[in-house]
Amino acid sequence: MSICCDAVVATDTYSQENELGRGGFGSVYKGMFSDGQEIAVKRLSNTSGEGDIEFKNEIMLLAKLRHRNLARLLGFCIKGEERLLVYEFIKNASLDRFIFDLEKCQLLDWGMRYKMIEGVARGLLYLHEDSPPSMHRCQRIIHRDLKASKILLDQEMNPKIADFGLAKVFEIGQTM
């Protein structure tokens with residue numbers, strides 16, 4: 001079975017009950033593979049304007065990224081007009097749901113906040129300085145849209161940078 005079929009089954013055909021949120025690039029659904037692994041499926045809208053070649057190149061780059069403070073991409077699918085990104089499911093949703101909620105923000109003591117800041121900084125350092133070079137060239141990845149809603153918190157409240165929709169790859173020395 002393909003990852004497309006698996007994602008459709010895992011999300012119960014993108015049911016409303018499994019929808020976690022909507023954004024400019026599409027909707028995100030919670031799902032579970034038959035082996036019990038929880039996943040988040042980002043179903044990209046047809047209006048993103050990105051071609052298949054650019055989409056595949058971007059995914060191949062992101063698939064190589066491995067860091068404890070980055071949301072892990074498990075797979076992707078292009079089938080007709082359908083474009084899916086399959087990520088690990090991260091339990092505690094996004095940081096903005098904690099810091100902008102009067103009750104939940106009380107749960108974040110300064111030690112926890114420092115741990116989150118440090119984790120985000122480590123993830124950014126990896127993207128900017130330590131990510132693997134592509135095709136023997138030295139490249140750096142710039143997220144370009146980092147905010148609290150794009151920092152997910154795992155079960156131990158460790159931060160994971162997510163949603164690389166606007167990320168851009170730069171050669172060393174290149175400017176925007």
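Under UniProt numbering, think of the first position of the sequence shown as 1, with each following residue one higher. The beta carbon of each residue, even a glycine, is placed where N, CA and C say it ideally should be.
Proximity of the stretch 114-127 to the stretch 69-81 meets the contact definition, three or more beta-carbon pairs being nearer than 8 angstroms.
Between G75 and I3 a beta carbon distance of about 4 angstroms is seen, short of the 8 angstroms cut, so the two are scored as contacting. With a cutoff of 8 angstroms on beta-carbon distance, S131 and R140 are scored as near each other. Taking all protein chains in view, the Cβ of D109 is surrounded by fewer than 16 other Cβ atoms within 10 Å, so the residue is classified as exposed. In this structure, the beta-carbon distance from A40 to F89 falls below 8 angstroms. Cβ contact annotation for V28 (same chain, cutoff 8 angstroms, sequence separation greater than five): E19, L20, G21, R22, A40, V41, K42 and R43, in chain order. Around the beta carbon of M116, a 10 Å sphere encloses 16 or more other beta carbons of the protein chains shown; the residue is thus reported as buried. In the three-state reduction of the DSSP assignment, L127 falls in the helix class, which pools H, G and I.
Relative to A7, the option among G24, L62, I78 and R66 whose CA is nearest is I78. The three-state reading of DSSP puts M32 in strand, counting E and B together.
With a threshold of 16 other beta carbon atoms within 10 Å, Y87 meets it and is buried. With contacts defined as CB atoms closer than 8 angstroms, G111 and P159 fail to qualify as a contacting pair. For F98, the enclosing alpha helix (DSSP H) has its first and last residue at D96 to I99. Measuring C-alpha to C-alpha distances from A93 to each of T13, K56 and E156 identifies E156 as the nearest. Ranked by Cα distance from E17, the first of G31, Q37 and F25 is G31.
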